[in-house]
Amino acid sequence: MLFLTARDEEIDRVLGFQLGGDDYVTKPFSPRELVLRVKAILARARPKEIDALLVHGDLTLRTLAFEADLAGQVLELTATEFALLNTLMAAPERVRTRDQIITSIYGTNSVMSGRTVDSHIRNLRHKTQALGYSDIIRTIHGVGLRLGSCTT
Numbered sequence: 018m019l020f021l022t023a024r025d026e027e028i029d030r031v032l033g034f035q036l037g038g039d040d041y042v043t044k045p046f047s048p049r050e051l052v053l054r055v056k057a058i059l060a061r062a063r064p065k066e067i068d069a070l071l072v073h074g075d076l077t078l079r080t081l082a083f084e085a086d087l088a089g090q091v092l093e094l095t096a097t098e099f100a101l102l103n104t105l106m107a108a109p110e111r112v113r114t115r116d117q118i119i120t121s122i123y124g125t126n127s128v129m130s131g132r133t134v135d136s137h138i139r140n141l142r143h144k145t146q147a148l149g150y151s152d153i154i155r156t157i158h159g160v161g162l163r164l165g166s167c168t169t
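So the sequence shown is residues 18 to 169, counted in the numbering used here.
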């Protein structure tokens, strides 16, 4: 809350802050200073982004850092592979259809094919199998995909 007032006595300023004010500006004021004060208040009010750490067995994803590792070994993923894995790891027990995965990765206006998802899944499986993990992504026939076992 920003107080913008002609009252410039100390008691008025103190009362303004006691009422929960973030700043107190008295007239006359500079428009540039007012803009900077408002920006500072908005910056303090904006929530900080938190790097989500998703863990499922030996698989770890750090969302803001865009890092993935499997049992301490770095997984080199494309942006789409990372987004796909992030979608599955958000609810590891949930089965997602290919359309749900496409919407999660590309948005609601996408016209991608389910075969595109299959291609990315194949690439992900290849990368995880190279590290000794064969069942990271499970296909539930006739339904969709979900995260599988992420332990050796």
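Backbone N, C-alpha and C define an ideal beta-carbon position, used for all residues, glycine too.
Following the continuous beta strand (DSSP E) through residue i, name the residue where it begins and the one where it ends.
i, result
"F20", "19–22"
"L32", "Looking at the DSSP string, L32 is not in any beta strand (DSSP E); the run it does join, the alpha helix (DSSP H), is 27–35."
"V72", "70–73"
DSSP beta-bridge partners for residue i?
i, result
"A85", "L78"
"D40", "L19"
Could you give the C-beta distance for residue i and residue j, rounded to a whole number, given that I count them as a contact under 8 Å?
i, j, result
"I118", "S127", "Not confirmed; about 11 Å, so no contact."
"F20", "G37", "Contact doesn't hold; Cβ gap of about 10 Å is too wide."
"M106", "H73", "6 Å"
"L141", "L101", "7 Å"
Taking its Cβ as the centre, do 16 or more other Cβ atoms sit within 10 Å of residue i, making it buried, or is it exposed?
i, result
"R113", "buried"
"L164", "buried"
"H143", "exposed"
"V160", "exposed"
Please report the residue range of the alpha helix (DSSP H) in which residue i lies.
i, result
"L51", "48–62"
"L102", "96–107"
- Task: Report the residue ranges of all beta strand (DSSP E) runs contained in full by the stretch 131–169; include only those spanning at least 3 residues, in chain order.
- Result: Listed in chain order, the complete beta strand (DSSP E) runs (minimum 3 residues) inside the stretch 131–169 are 154–157, 161–164.
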